[in-house]
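Chemist: Residue numbers (our numbering), protein chains in the order written: chain A, 677 to 1117; chain B, 677 to 1117.
For each residue, glycine too, the CB sits at the ideal point set by N, CA and C.
These numbers were taken from a predicted model, which means no experiment stands behind them.
Protein chains: 2
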Amino acid sequence: MPQFLSTTDADFAPRFAALLEMKREDAPEVDDIVARIIADVRARGDAAVIELTERFDRLSLTPETLAFSPAEIAAAIDKVPGPERAALELAAARIRTYHERQRPADAEWTDPSGATLGWRWTAVEAAGLYVPGGLASYPSSVLMNAIPAQVAGVKRLVMCAPTPGGVVNPLVLLAAHLSGIDTIYRIGGAQAVAAMAYGTATITPVDKITGPGNAFVAAAKRRVFGKVGIDMIAGPSEILVVADADNDPDWIALDLLSQAEHDESAQSILITTDAAFGQAVAAAVDKRLETLDRRAIAGASWRDYGAIVTVRDLSEAAALTDRIAPEHLELCVADPVALSQTITHAGAIFLGQWTPEAIGDYIGGPNHVLPTARSARFSSGLSVLDFMKRTTLARMTPEALKSIGPAAETLAASESLEAHGLSVGARLARLNRKGGEDTGA
Amino acid sequence: MPQFLSTTDADFAPRFAALLEMKREDAPEVDDIVARIIADVRARGDAAVIELTERFDRLSLTPETLAFSPAEIAAAIDKVPGPERAALELAAARIRTYHERQRPADAEWTDPSGATLGWRWTAVEAAGLYVPGGLASYPSSVLMNAIPAQVAGVKRLVMCAPTPGGVVNPLVLLAAHLSGIDTIYRIGGAQAVAAMAYGTATITPVDKITGPGNAFVAAAKRRVFGKVGIDMIAGPSEILVVADADNDPDWIALDLLSQAEHDESAQSILITTDAAFGQAVAAAVDKRLETLDRRAIAGASWRDYGAIVTVRDLSEAAALTDRIAPEHLELCVADPVALSQTITHAGAIFLGQWTPEAIGDYIGGPNHVLPTARSARFSSGLSVLDFMKRTTLARMTPEALKSIGPAAETLAASESLEAHGLSVGARLARLNRKGGEDTGA
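1. With a threshold of 16 other CB atoms inside 10 Å of the CB of T1018 (chain B), please say whether the residue is buried or exposed.
2. Does the beta-carbon of L696 (chain A) have 16 or more other beta-carbons within 10 angstroms, so that it is buried, or is it exposed?
3. Classify W785 (chain A) as buried or exposed, calling it buried when 16 or more other Cβ atoms lie within 10 Å of its own Cβ.
4. Could you round the C-beta distance between G865 (chain A) and E701 (chain A) to whole angstroms and report it? I think they count as a contact, below 8 angstroms.
5. Quick check on N1043 (chain B): buried or exposed, where buried means 16 or more other Cβ atoms within 10 Å of its Cβ?
6. What separation, rounded to the nearest whole angstrom, lies between the Cα atoms of A763 (chain A) and V893 (chain B)?
7. Taking the beta strand (DSSP E) that T773 (chain A) belongs to, which residues open and close that run?
8. Within a Cβ cutoff of 7 angstroms, which residues of the same chain sit near T1068 (chain A), ignoring the five residues on either side of it in sequence?
9. Smallest Cα separation from Y814 (chain A): which of A:D782, A:I984, A:L849, A:L728?
10. A763 (chain A) CB to nearest chain D CB: under 8 angstroms?
11. So, is S1099 (chain A) buried or exposed, given that buried needs 16 or more other C-beta atoms within 10 angstroms?
12. List the whole-angstrom C-beta distance separating A951 (chain A) from S682 (chain A), where the pair is believed to meet the contact cut-off of C-beta under 8 angstroms.
13. Put H853 (chain B) into one of helix, strand or coil per three-state DSSP.
14. Measuring CA to CA, which of B:H938, B:Q955, B:A1001, B:K1065 is closest to A972 (chain B)?
15. To the nearest angstrom, how far is the alpha carbon of L1015 (chain B) from that of S789 (chain B)?
16. Is there contact here, the stretch 852–867 of chain B with the stretch 1036–1053 of chain A, by at least three beta-carbon pairs under 8 angstroms?
17. Is E1003 (chain B) helix, strand or coil when you go by DSSP?
18. Please state the DSSP three-state secondary structure of Q943 (chain A).
19. Closer than 8 angstroms, CB to CB, is A1072 (chain A) near chain B or not?
20. Which same chain residues, not among the five before or five after I909 (chain B), have their C-beta less than 7 angstroms away from its C-beta?
21. In angstroms, rounded to a whole number, what distance separates the CA positions of A919 (chain A) and A715 (chain B)?
22. Answer yes or no: does any C-beta atom of chain A fall closer than 8 angstroms to that of G841 (chain B)?
23. Going along chain A, which residues have a C-beta under 8 angstroms from V800 (chain B)?
24. Which residues in the same chain as V882 (chain B) place their Cβ atom closer than 6 angstroms to its Cβ, once the five residues preceding and following it in sequence are excluded?
25. Relative to the C-alpha of P1120 (chain A), which candidate in A:G902, A:L1107, A:E1085 has its C-alpha closest?
26. Taking the C-alpha atoms as reference points, what is the distance between P1032 (chain A) and R1066 (chain B)?
27. Which value, in whole angstroms, describes the spacing of the CA atoms of S1092 (chain A) and M1064 (chain B)?
28. For chain B, check one thing: does any of its Cβ atoms lie closer than 8 angstroms to the Cβ of S913 (chain A)?
29. What alpha helix (DSSP H) runs, 4 residues minimum, are completely inside the stretch 844–919 of chain A?
30. Let me know if D1188 (chain A) comes out buried or exposed under the rule of 16 or more other beta-carbons within 10 Å of its beta-carbon.
31. Would you identify the three-state DSSP class for G804 (chain B), choosing helix, strand or coil?
32. So for L1093 (chain A), helix, strand or coil by DSSP?
33. Have a look at the DSSP bridge pairing and note the partners of Q679 (chain A).
34. Please classify P678 (chain A) as buried or exposed, where buried requires at least 16 neighbouring CB atoms within 10 angstroms.
35. Just to confirm, is the Cβ distance from G1057 (chain B) to G1023 (chain B) under 8 angstroms?
36. From the DSSP output, in three-state form, read off E784 (chain A) for me.
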């Protein structure tokens, strides 16, 4: 049974605070193991990766078979049925169209001093995408990670996907093919992250690593951060639905369950202006849980972390939403756009009752890699920007240096950085000697 | 004596590779100590912060005196001489003007399916700036960290700056005042980072922490990452100057020394098309090192990490530059713009001989917080974007859901996520029953 809260309860404040602080992830202490695996891969390269894959994935590889061959990929892709292929192609096209709008603009201007200023965006040269094996091996995640990199202009895109016991998901390979991935390694865990970050004889290192993974993968990403760039460290998924009474309780129940079925640690919360509607949704969830394939997982998530919060009005709903800073936010109210404009912290907003969150997982266009665990307060979903970086540009003319250089000299002196000041002063001295002549910039 | 390399040397490749791999930072193993400090601050709050400040900074504080009072700030600011104040004000104005151009645009469009898609940028609510004490307590860094946050629209901006023995730099307080910082705590180290991330009775937690610091501060930022956002983990500063023979060797020497004087671990590299010019710069550095105030620091940096690389032509220079991926890049050649367009990886580029890098440290406008240790391959300097986050938006109409919903159902089935598919299917069933009537979105 989920928690029922109401803002009119006397104990609402502490109970809501406890809901926010709830620790849903029982992250095992794997940091020491991961440190040893990374050191091993750095020291012994391919040999370490192959041994660890044998041990963890029961799969015997050689340097030659670390990556799938083009023939293996083609054969697997051929097995994908037509409807799945068409759906994946539509998803890829829509995700690409959305992300193409995210390409940032370069800038250059000349300011009143005569200085030319600006910046230029360029793509990361090589990116590596981690795709989990087993249950969470989702072709949609391949698209969501790889297409932004491809749109950014990343030249070399590789993927690591463990295949425990050699089992491969053909849709994952098709998704990789559709999103421009060059090479797919059948390795996983901290060893895959280490190999992508530091390289081995067979695996060329990349500059940026993204993608979800278990506690080992998360710890490895945290450790290689700095040597390479990483995306966020993802936690279990969350949804918050804000709904008034003018909704079908079954639809809202299914939306809540579509997060709950991901993971026992997932969290689904309903905020509603109508307590009876909240009860109706709870009943609809229970009914769906009788038959849902993944009822064990979804039921545990709903029981342990689910919550239904009754509020007096939508302004209370907006304030609580900002405190939750949900990964996914569905606004099933009469004017969802107006409500969305009163909310600041959310990874993705789904507006209106015709926009179930699952649309965003697959086919809407926006990215489904989103900030979890209240990190929407300070971070964003994956985007083209994650695979680009900005170089700032500055060019002084002699006149510009004359105009602003003396202030730099003053500040350098105040920070006791003499050479900083002299590097400006030596140039100003020349200008002053020559009276500004003969100084073509 | 710096290293001299030439691309025509037989052993150039391994020597250049060794230069890239050079470990300049002797980061002490402080992670365990930092973990204990963070746990202590989380458990005991103000009391822990006060005890640790007493121990590390020889300063006795109370909850009431953790922050500077407005009167203390006003009194300190009054001591700043006119020229310093004017220089800092000019710097603040130029930095603000540059960063105002970085404000990102929201987007919203309707696609052919009838779906409305887009995104919206909002500011982080509260940000905390760390400012080191002692030698590296730079007012310019306060401006460079705080102004982007202010321009982003951050509502609450706090600063932590340790004052060992109670010594305060009035210019740091003036810089904080000029850049909209609300509260300044006289605390530092891992305890300051922990207090900003988790909060204490006196210190309200923030959502994002930025700013440079020593090994303790860096380890603490790495540990609180996830609970709050952080900027990069900065390493020692670097400059790469690419210069042809048509330069004053003394100017280039001063530019190299303006990085070397920061820190014994800083690195200054010259790439030149003219070996004799390289020798002339080396001689000019030696001459300046005879008298420079910080000659001990700058001399050690130049001796241990300095390098002069002679190349055959500027295309070789560009290729080596991309491998170095320098934090600061000065292009002192006849056509610096053309050369810059052949280079992909650099934090900031300073174009032409009239743009010494020190201009960028203080007054140019672009940010001086830049990616070090080759991380310009995948990351950018600090910007307004670091203090904002993007919420993606999607709104389906019944027609749009009819058009793309079935593909989402197919993909949900292929990923065995039944509730995902049902949340779409239940809505499509209603639409099909009603033939699309009575379904105002």
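Modeler: Once the coordinates are examined:
1. Against the second sequence, residue 1018 (chain B) aligns to sequence position 342. Its Cβ having fewer than 16 others within 10 Å, T1018 (chain B) is exposed.
2. Here residue 696 (chain A) refers to the residue found at position 20 of the first sequence. By the beta-carbon neighbour count (other beta carbons within 10 angstroms, threshold 16), L696 (chain A) is exposed.
3. Residue 785 (chain A) sits at position 109 when you count from the first residue of the first sequence. If you draw a 10 Å sphere on the C-beta of W785 (chain A), you find fewer than 16 other C-beta atoms in it, and that means exposed.
4. Locating residue 865 (chain A) in the first sequence gives position 189, where the first residue counts as 1. Locating residue 701 (chain A) in the first sequence gives position 25, where the first residue counts as 1. With a beta-carbon spacing of about 18 angstroms, G865 (chain A) and E701 (chain A) fall beyond the 8 angstroms limit used to define contacts.
5. Residue mapping note: residue 1043 (chain B) aligns to position 367 of the second sequence, counting from 1. Classification for N1043 (chain B): buried.
6. By one-based count along the first sequence, residue 763 (chain A) stands at place 87. By one-based count along the second sequence, residue 893 (chain B) stands at place 217. So the alpha carbons of these two residues sit roughly 48 angstroms apart.
7. Translated into positions along the first sequence, residue 773 (chain A) becomes position 97. That residue, T773 (chain A), is in no beta strand (DSSP E); its alpha helix (DSSP H) goes 758–776.
8. For the purposes of this step, residue 1068 (chain A) is identified with residue 392 of the first sequence, where counting begins at 1. Cβ within range, chain order: W795.
9. Indexing the first sequence from 1 puts residue 814 (chain A) at position 138. Selected option, being the one with the closest Cα: A:L849.
10. Included in the structure are the protein chains A and B, with no chain D among them.
11. Here residue 1099 (chain A) corresponds to residue number 423 of the first sequence, with the count starting at 1. S1099 (chain A) is buried by the Cβ-count criterion.
12. Here residue 951 (chain A) is taken as the residue at index 275 of the first sequence, counted from 1. Here residue 682 (chain A) is taken as the residue at index 6 of the first sequence, counted from 1. So it is a contact: roughly 7 angstroms between Cβ atoms.
13. By 1-based counting over the second sequence, the position of residue 853 (chain B) is 177. H853 (chain B): helix per DSSP, three-state reduction.
14. On the second sequence, residue 972 (chain B) is found 296 positions in, with the first residue counted as 1. Across the set B:H938, B:Q955, B:A1001, B:K1065, the C-alpha of B:H938 shows the shortest separation from the C-alpha of A972 (chain B).
15. Counting from 1 along the second sequence, the entry for residue 1015 (chain B) is found at position 339. Counting from 1 along the second sequence, the entry for residue 789 (chain B) is found at position 113. Cα to Cα, the separation comes out at about 45 angstroms.
16. No, because fewer than three Cβ pairs between the stretch 852–867 of chain B and the stretch 1036–1053 of chain A fall closer than 8 angstroms, the two stretches do not touch.
17. Looking up residue 1003 (chain B) in the second sequence gives position 327. If DSSP states are grouped into helix, strand and coil, E1003 (chain B) belongs with coil.
18. For this step, residue 943 (chain A) is matched to residue 267 along the first sequence. Strand.
19. What you label residue 1072 (chain A) is simply residue 396 of the first sequence in a count that begins at 1. For the record, residue 1072 (chain A) in the displayed sequence is Met; it is not Ala. With 8 angstroms as the cut-off, M1072 (chain A) counts as an interface residue toward chain B.
20. As a first step, residue 909 (chain B) is located in the second sequence; it is residue number 233 there, counting from the start. Within the same chain, I909 (chain B) has close Cβ partners A894, K897, R898.
21. For the purposes of this step, residue 919 (chain A) is identified with residue 243 of the first sequence, where counting begins at 1. For the purposes of this step, residue 715 (chain B) is identified with residue 39 of the second sequence, where counting begins at 1. For A919 (chain A) and A715 (chain B), the distance between alpha carbons rounds to 39 angstroms.
22. Here the question's residue 841 (chain B) lines up with position 165 in the second sequence. It does not; no Cβ of chain A falls within 8 angstroms.
23. Translated into positions along the second sequence, residue 800 (chain B) becomes position 124. What V800 (chain B) touches in chain A: R1053, F1054.
24. Here the question's residue 882 (chain B) lines up with position 206 in the second sequence. Excluding residues within five positions, the ones whose Cβ falls inside 6 angstroms are A802, A803, G804, M872.
25. Lying before the first or after the last residue shown, residue 1120 (chain A) is absent from chain A, which here runs from 677 to 1117.
26. On the first sequence, position 356 is the one that residue 1032 (chain A) refers to. On the second sequence, position 390 is the one that residue 1066 (chain B) refers to. Per the coordinates, the alpha-carbon of P1032 (chain A) lies some 20 angstroms from the alpha-carbon of R1066 (chain B).
27. The residue you call residue 1092 (chain A) lines up with position 416 of the first sequence. The residue you call residue 1064 (chain B) lines up with position 388 of the second sequence. C-alpha separation (whole angstroms): 34 angstroms.
28. The residue you call residue 913 (chain A) lines up with position 237 of the first sequence. At least 8 angstroms separates the CB of S913 (chain A) from every CB of chain B.
29. Those alpha helix (DSSP H) runs which fall completely within the stretch 844–919 of chain A and span 4+ residues are 846–854, 865–874, 891–900.
30. Residue numbering for chain A in the displayed model covers 677 to 1117; residue 1188 (chain A) lies beyond these limits and cannot be assessed.
31. Start at 1 with the first residue of the second sequence, and residue 804 (chain B) comes out as number 128. Judged by DSSP in its simplified three-state form, G804 (chain B) adopts strand.
32. Within the first sequence, the letter at position 417 stands for residue 1093 (chain A). In the displayed model, L1093 (chain A) falls within coil according to three-state DSSP, outside both helix and strand.
33. Translated into the one-based positions of the first sequence, residue 679 (chain A) becomes position 3. For Q679 (chain A), which the question treats as bridged, DSSP gives the partners A:A983.
34. Here residue 678 (chain A) refers to the residue found at position 2 of the first sequence. Burial call: buried.
35. Walking along the second sequence from the start, residue 1057 (chain B) turns up at place 381. Walking along the second sequence from the start, residue 1023 (chain B) turns up at place 347. Less than 8 angstroms divides the Cβ of G1057 (chain B) from the Cβ of G1023 (chain B).
36. Walking along the first sequence from the start, residue 784 (chain A) turns up at place 108. Looking at E784 (chain A) - three-state DSSP - the assignment turns out to be strand.
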